[in-house]
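Note sheet for the following structure.
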């Protein structure tokens, strides 16, 4: 593409990535950033605790577009670290444990729809043991 709006295509390998002020872990995948679309395929975030998020994302850059998709599978993601990274403020020790699940979204970026299934395993909610807690969100 033009120098003012280039196309970038290649393998991304970052030893350390963060969001807000939180370190998330390492990130790798195949990235395409063009004047018309963004793709991040075979992406792998390896969290600081060894958990993983595997994802594929493809969407037009136009804010009104609805043809983008996201699929993600996550395992052993520390719920407290995930909430901090998402800038969600919660009472200390309200929830603890590891998240497992998957997300499948379409209609990105303008009209997201789809489903997210999340399981909290080996956790605590308000100080009470929660061997398994499940949340499902669908359009």
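Residue numbers (my numbering): 1220 to 1358. Ideal Cβ placement from N, Cα and C applies to all residues, glycine included. Predicted, not measured: the structure shown is a model, and the values here were computed from it.
> If we call anything under 9 Å between Cβ atoms a contact, is residue 1271 one with residue 1323?
Replying inline: No, they are not a contact pair.
> Is residue 1255 near residue 1225, with beta carbons less than 9 Å apart?
Replying inline: No. Outside cutoff.
> Which runs of the beta strand (DSSP E) spanning at least 3 residues fall entirely within the region 1277-1306, listed in chain order?
Replying inline: As far as the region 1277-1306 is concerned, its whole beta strand (DSSP E) runs of at least 3 residues are 1287-1297.
>> Which residue wins for smallest C-alpha separation from residue 1348, given the options 1233, 1358, 1317?
In response: Considering only 1233, 1358, 1317, the residue with the shortest C-alpha distance to residue 1348 is 1317.
>> Output needed for residue 1327: all residues of its chain with C-beta closer than 7 Å, excluding positions within five of it in sequence on either side, in chain order.
In response: 1278, 1287, 1288, 1289, listed in sequence order.
> What distance in whole Å lies between the Cβ atoms of residue 1239 and residue 1304, which are believed to be in contact at a cut-off of 8 Å?
Replying inline: Contact flag correct, Cβ pair sits at about 6 Å.
>> Only counting the same chain, and skipping five residues up and downstream in sequence, which positions put a Cβ closer than 6 Å to that of residue 1245?
In response: Leaving aside the five residues that flank residue 1245 on each side, the residues in its chain whose CB is nearer than 6 Å to its CB run, in chain order, 1234, 1265.
>> For residue 1250 and residue 1341, what's the separation of their Cα atoms in angstroms?
In response: Between the alpha carbons of residue 1250 and residue 1341 lies a gap of roughly 34 Å.
> Measuring CA to CA, which of 1354, 1241, 1260 is closest to residue 1248?
Replying inline: Nearest option by C-alpha distance: 1260.
> On the three-state DSSP scale, how would you describe residue 1255?
Replying inline: Residue 1255 carries a coil assignment under DSSP once its states are collapsed to helix, strand and coil.
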